[in-house]
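Taking the numbering used here, the leading residue of the sequence shown gets 411, the next gets one more, and so forth. C-beta: ideal position from N, C-alpha, C; glycine also. Computed from a prediction, not measured in an experiment: that's the story for all the values here.
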Amino acid sequence: MKCGIAAVVGRSNAGKSTLINVLVGEKVAITSPKPQTTRDRIAAVKNGDGYQIVFEDTPGFYKAAGELNRKMQRTAKKTVDGVDVALFLIDAHAGLKEEDLKLLRNVCTFGTPVIAVITKLDITVKEKVPEYLCELSKIDGVTEIVPISSRKGRNLDELIKTVLKYLPEREPIYGEDVISDKSEKFMISEIMREKILLTFEHEIPHGVAVVVNEFKKEKNGVYDINLDIICEKQNHKSILIGKQGAAIKKASTMAREEMEKFLGAKVFLTTYVLVKENWRDRENLLKEYGYSDADGLK
411 MKCGIAAVVG
421 RSNAGKSTLI
431 NVLVGEKVAI
441 TSPKPQTTRD
451 RIAAVKNGDG
461 YQIVFEDTPG
471 FYKAAGELNR
481 KMQRTAKKTV
491 DGVDVALFLI
501 DAHAGLKEED
511 LKLLRNVCTF
521 GTPVIAVITK
531 LDITVKEKVP
541 EYLCELSKID
551 GVTEIVPISS
561 RKGRNLDELI
571 KTVLKYLPER
581 EPIYGEDVIS
591 DKSEKFMISE
601 IMREKILLTF
611 EHEIPHGVAV
621 VVNEFKKEKN
631 GVYDINLDII
641 CEKQNHKSIL
651 IGKQGAAIKK
661 ASTMAREEME
671 KFLGAKVFLT
681 TYVLVKENWR
691 DRENLLKEYG
701 YSDADGLK
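Laid out in structure tokens, this is it:
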């Protein structure tokens with residue numbers, strides 16, 4: 411059967427996680443309108459008729475200071491090296507930026523076949539698309555260009571066919587029932603972080619880590635989940651909690667409902683907000699929170 415690994419890369423907010431979730435048919439990566447939503451390399455498995463594609467979601471290329479961001483960028487770059495094909499996503503709605511072209515040229519130097527994927531066609535000015543196609547076709551190393559809309563499902567079958575052209579014949583990497591290499595516990599922490607990203611503005615969500623202390627299924631089938639929300643400043647803690655706890659209650663309720671959908675069972679969720687100053691630049695805390703493995707992130 412056709413089987414291989416396709417790295418999904420690009421600038422932040424290009425639509426990487428949304429595309430992967432749609433292709434796999436399950437939520438395996440969190441999404442939000444904010445940069446740096448994805449912090450970890452996540453393998454998502456799509457099984458089809460005679461093929462298995464392992465899509466590797468990566469942190470978006472993003473200019474920001476801090477040790478955590480440097481680790482995220484190293485993870486994105488490492489993922490491209492050694493895979494069968496790379497999908498470089500470009501947000502057509504935001505326009506084809508010089509930074510896109512620079513990053514794409516850099517990815518093309520790794521020796522991996524590169525498919526340029528123009529995303530968000532459903533909200534892009536149609537007249538701009540031929541211009542983008544022409545510009546991308548000039549870049550050495552771009553083997554294919556596929557315009558798509560993940561949310562509308564446009565041209566996704568064509569994208570799969572294009573990816574399969576670059577995959578070898580070999581045994582499947584994962585079993586048929588596997589959709590991700592990440593654990594349920596990992597997804598629980600990501601769901602909580604997603605709701606914080608969607609609930610709060612500005613810098614606060616990016617300074618948050620989620621640590622699951624307890625993840626246990628009781629005899630009655632209810633999951634008992636206890637987690638810490640780590641922030642960097644005391645005033646951030648006050649904002650996260652909100653007046654009389656209203657803000658954290660809202661985010662926690664959204665998270666619990668999503669967790670119940672994901673686990674297919676009731677969830678009893680307990681959340682605590684803790685302050686760890688400048689944790690994103692402290693190697694010991696990055697390691698404690700799962701952001702310091704030799705291969706990149708968690």
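Exercise for review: Return the chain-ordered list of same chain residues with a C-beta closer than 6 Å to the C-beta of P523, the five sequence neighbours on each side being excluded.
Suggested key: Scanning its chain for C-beta atoms nearer than 6 Å, with the 5 sequence neighbours on each side dropped, one finds around P523 the residues V495, T553 and Y576, in chain order.
Check your understanding: Can you tell which of E537, L574, G617 and I430 has its C-alpha closest to the C-alpha of V685?
Key -> Of the listed residues, the one whose Cα sits closest to V685 is G617.
Check your understanding: Is any heavy atom of the ligand FMN found at a distance shorter than 7 Å from the C-beta of S590?
Key -> The ligand FMN is absent from the structure shown, which contains no ligands of any kind.
Exercise for review: Please determine if the region 496-506 and the region 515-535 are in contact, where contact requires at least 3 C-beta pairs separated by less than 8 Å.
Suggested key: Result yes; three or more Cβ-Cβ pairs closer than 8 Å.
Review point. Would the beta-carbon of T468 fall within 8 Å of that of K437?
Key: The answer is no: Cβ separation not under 8 Å.
Exercise for review: Please state if the CB of A453 and the CB of S590 are separated by a distance shorter than 8 Å.
Suggested key: Contact: yes.
Review point. What's the C-alpha gap between K548 and T572?
Key: K548 and T572 have their alpha carbons spaced roughly 19 Å apart.
Practice item. Pick helix, strand or coil for A656, following the three-state DSSP scheme. Key: Here A656 sits in helix by DSSP.
Practice item. Quick one: measure Cβ to Cβ for A415 and V493, integer angstroms, because I've assumed they're closer than 8 Å. Key: Ala is not the amino acid found at residue 415; the sequence shown has Ile there. About 4 Å; that satisfies the 8 Å criterion.
Review point. At which residue ranges does the region 567-651 contain complete beta strand (DSSP E) runs of 3 or more residues, listed in the order of the chain?
Key: The beta strand (DSSP E) runs of length 3 or more contained entirely in the region 567-651 are, from start to end of the chain, 619-627 and 633-641.
Check your understanding: So L499 packs on V527, CB below 8 Å; how close in whole Å?
Key -> Yes, L499 and V527 are in contact; Cβ-Cβ is about 5 Å, under 8 Å.
Check your understanding: Less than 8 Å separating the beta-carbons of L637 and S599?
Key -> In this structure, S599 lies closer than 8 Å to L637 by Cβ.
Check your understanding: For the region 487-544, which segments carrying the beta strand (DSSP E) assignment without a break, of at least 3 residues, lie completely within its bounds, in sequence order?
Key -> Within the region 487-544, the complete beta strand (DSSP E) runs of at least 3 residues are 495-501 and 524-529.
Practice item. Whole angstroms is fine: what's the gap from I606's alpha carbon to E579's? Key: One C-alpha to the other measures close to 42 Å.
Review point. Would you report the Cα separation of I570 and G420, rounded to the nearest angstrom?
Key: Roughly 18 Å separates the two Cα atoms.
Practice item. Helix, strand or coil for K548, going by three-state DSSP, please let me know. Key: Residue state, collapsed to three classes: coil.
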